[in-house]
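Written below as structure tokens is the structure these notes are about.
Residue numbers (this note's numbering): 126 to 302.
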């Protein structure tokens with residue numbers, strides 16, 4: 126079992142994922158025409174929050190590290206890590222464009238929310254690959270703040286703000302009962 130680094134910022138991040146999932150769920154209920162869009166975002170944020178809370182990417186990292194040691198390629202892992210990061214960037218970039226076409230976001234705000242969730246999923250995968258230079262940057266404190274907090278909470282904000290905005294938009298056409 127992996128040990129999760131429980132800190133105030135860790136809890137804040139987990140709670141923020143949960144709150145954003147609830148905001149997206151409320152937006153789904155209040156926006157019948159985009160129910161699938163907001164419902165999908167709610168599910169995605171819930172899964173990313175569970176990933177954060179249970180440290181699933183940390184478990185994946187430990188499994189891959191163990192395999193690298195066992196297969197004796199641990200000391201030459203950098204090309205594998207870089208390849209995985211390039212594949213992740215292409216995969217999540219492609220996923221964003223595919224979802225943008227499939228989900229047909231009705232506004233820039235919805236596109237921003239879509240970008241946010243794809244960014245967060247890609248970020249989780251990049252952290253799982255665990256490049257030393259990336260980890261050294263993300264987890265080194267600069268003025269008491271870890272860049273990891275800014276990056277992850279910033280991605281969550283890209284989803285939360287459009288969801289909040291959606292809650293305050295009145296439908297242009299009245300729905301008939």
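Every residue gets a Cβ at the ideal spot worked out from N, C-alpha and C, and that includes glycine.
Since the model is a prediction, treat every value here as computed from it, not as a measurement.
Check	Outcome
Do you know offhand how far residue 250's Cα is from residue 186's?	10 Å
Within the stretch 151–199, note down every full alpha helix (DSSP H) run reaching 4 residues or more, in order along the chain.	160–179, 181–195
Would residue 285 be called buried (16 or more neighbouring beta carbons within 10 Å of its own) or exposed?	buried
Indicate the three-state DSSP secondary structure (helix, strand or coil) for residue 242 in the structure shown.	helix
Does the distance from the CB of residue 221 to the CB of residue 240 come in under 8 Å?	yes
Please report the distance separating the alpha-carbon of residue 288 from that of residue 148.	6 Å
Three-state secondary structure (DSSP) at residue 140?	helix
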